[in-house]
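What follows is one structure encoded as structure tokens, with my remarks underneath.
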């Protein structure tokens, strides 16, 4: 449970927080709310990628006993970015963009470890879904050893739309999956690049694989056929840096 200093509550308070650009990690809303003020809140939230959870009032009461009006929001420990702003900025600064797209990585320790590795190996932005994956909470920040203080995170409503935007921006998208004969060292990572890493249990969705320019795997010679996603991400990013430093 987050500390009370990490939450805000009350419908009007949350509406004003959203309007002011406050970054929220998640909004919990009591089931069956129907007031006009509730409708205004939903209209504001639907303009953002903020995750929304409809829950029983008992869940809301665990956050605070004060007059919450059925709405509690968790304050995000980071300020999120958008691809539409970050990608042009990187090009304007003369950088060779490198993004890491995480398709529903749910384990917060893997998530934090990946962020730490990404920051150390020159990733310019982490792209995550607003729903279905681990979020940037206190545990993730701690596991990342502070990487989230430096690594821009783009929380997107649709990873499919995000990858399409990366394509349109001239960024080569590589899906990292064992379901291919190609290996990472066969890819050209000197190009502007985004690497997709899949969830611990299901891997990368077929829709994202179809959108990728290519699919490559970490070359292995052992008996076990797959790696922990955090380890695989580190190896993929090392190959990027190896090629770019040649």
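In the working numbering, the protein residues as written are 23 to 268.
The beta carbon of each residue, even a glycine, is placed where N, CA and C say it ideally should be.
Since this is a predicted model, take the numbers as computed values, not measurements.
What is the residue span of the alpha helix (DSSP H) that residue 260 lies within?
In the chain shown, counting from the first residue as 1, residue 260 sits at position 238. Unbroken alpha helix (DSSP H) run through residue 260: 251 to 266.
If you measure between the beta carbons of residue 121 and residue 145, is that distance less than 9 Å?
Working through the chain shown from its first residue, we reach residue 121 at position 99. Working through the chain shown from its first residue, we reach residue 145 at position 123. Yes, Cβ-Cβ distance for residue 121 and residue 145 is below 9 Å.
So, for residue 219: in the same chain, excluding its five sequence neighbours on each side, which residues have a beta-carbon less than 8 Å away from its beta-carbon?
Here residue 219 refers to the residue found at position 197 when the chain shown is read from its first residue. For residue 219, where only same-chain residues beyond five positions count, the Cβ hits under 8 Å are 122, 123, 124, 125, 127, 136, 198, 226, 251, 254, 255, 258.
So what's residue 145 in DSSP terms, helix, strand or just coil?
The residue labelled residue 145 in the question sits at position 123 within the chain shown. DSSP places residue 145 in coil when its eight states are reduced to three.
With which residues is residue 75 paired in a DSSP beta bridge?
Here residue 75 corresponds to residue number 53 of the chain shown, with the count starting at 1. According to DSSP, which records beta bridges pairwise, residue 75 is partnered with 50.
Are the region 100 to 108 and the region 169 to 187 touching, with three or more C-beta to C-beta distances below 8 Å?
These segments touch.
Would DSSP call residue 269 helix, strand or coil?
What is shown of the chain runs 23 to 268, which leaves residue 269 out entirely.
Could you say which of 148, 29, 143 lies nearest to residue 90 if we only look at CA atoms?
Start at 1 with the first residue of the chain shown, and residue 90 comes out as number 68. Out of 148, 29, 143, 29 has the C-alpha closest to the C-alpha of residue 90.
Leaving aside the five residues before and after residue 182 along the sequence, list all residues of the same chain whose C-beta is less than 8 Å from its C-beta, in chain order.
To locate residue 182, count along the chain shown from 1; it is residue 160. 229, 230, 233.
Does the separation of the CB atoms of residue 276 and residue 72 fall below 9 Å?
The structure shown has nothing for residue 276, since the chain only spans 23 to 268.
Considering Cα atoms alone, identify which of 266, 206, 223 is closest to residue 242.
Taking the first residue of the chain shown as position 1, residue 242 is located at position 220. Of the listed residues, the one whose Cα sits closest to residue 242 is 206.
Whole angstroms are fine: how far does the CA of residue 165 sit from the CA of residue 155?
Looking up residue 155 in the chain shown gives position 133. Looking up residue 165 in the chain shown gives position 143. Residue 155 and residue 165: Cα-Cα distance of roughly 16 Å.
Got a sec, what are the start and stop residues for the beta strand (DSSP E) residue 31 sits in?
Position 9 of the chain shown holds residue 31. Unbroken beta strand (DSSP E) run through residue 31: 29 to 31.
Please classify residue 114 as buried or exposed, where buried requires at least 16 neighbouring CB atoms within 10 angstroms.
Position 92 of the chain shown, counted from the start, is the residue given in the question as residue 114. Classification for residue 114: exposed.
Along the chain, where does the beta strand (DSSP E) that runs through residue 65 open and close?
Residue numbering aside, residue 65 sits at position 43 when the chain shown is read from its first letter. Note, residue 65: premise wrong, no beta strand (DSSP E); alpha helix (DSSP H) at 58 to 67.
List the whole-angstrom C-beta distance separating residue 66 from residue 37, where the pair is believed to meet the contact cut-off of C-beta under 8 Å.
By 1-based counting over the chain shown, the position of residue 66 is 44. By 1-based counting over the chain shown, the position of residue 37 is 15. Indeed they touch by this definition, with Cβ atoms about 6 Å apart.
Could you check the C-alpha separation between residue 93 and residue 180 for me, to the nearest Å?
By one-based count along the chain shown, residue 93 stands at place 71. By one-based count along the chain shown, residue 180 stands at place 158. Between residue 93 and residue 180, the C-alpha separation is close to 25 Å.
If you follow the beta strand (DSSP E) that residue 215 is part of, which residue opens it and which one closes it?
For the purposes of this step, residue 215 is identified with residue 193 of the chain shown, where counting begins at 1. First-last of the beta strand (DSSP E) with residue 215: 215 to 220.
Just to check my reading of the structure: residue 196 and residue 217 have Cβ atoms closer than 8 Å, yes? What is that Cβ distance to the nearest angstrom?
Here residue 196 corresponds to residue number 174 of the chain shown, with the count starting at 1. Here residue 217 corresponds to residue number 195 of the chain shown, with the count starting at 1. Yes, residue 196 and residue 217 are in contact; Cβ-Cβ is about 5 Å, under 8 Å.
Drop a sphere of 10 angstroms on the beta-carbon of residue 212, count the other beta-carbons inside from all chains shown, and report buried for 16 or more, exposed for fewer.
Position 190 of the chain shown holds residue 212. Counting Cβ neighbours within 10 Å, residue 212 comes out exposed, since fewer than 16 surround it.
Does residue 18 come out as helix, strand or coil in the three-state DSSP assignment?
Past the edges of the chain, shown from 23 to 268, lies residue 18, and the structure says nothing about it.
Any idea what DSSP makes of residue 25, helix, strand or coil?
Start at 1 with the first residue of the chain shown, and residue 25 comes out as number 3. Because the pLDDT of residue 25 is 45, which lies under 50, any placement of that residue in the model is unreliable, and the number read from its coordinates should be weighed accordingly. Three-state result, residue 25: coil.
Looking only at C-alpha atoms, which of 203, 163, 262 sits nearest to residue 238?
For the purposes of this step, residue 238 is taken as residue 216 along the chain shown, with counting starting at 1. Here the closest residue by C-alpha is 203.
Using a Cβ-Cβ cutoff of less than 6 Å, which residues in the same chain neighbour residue 150 once the five nearest sequence positions on both sides are dropped?
Taking the first residue of the chain shown as position 1, residue 150 is located at position 128. Same-chain partners within the cutoff: 124, 177.
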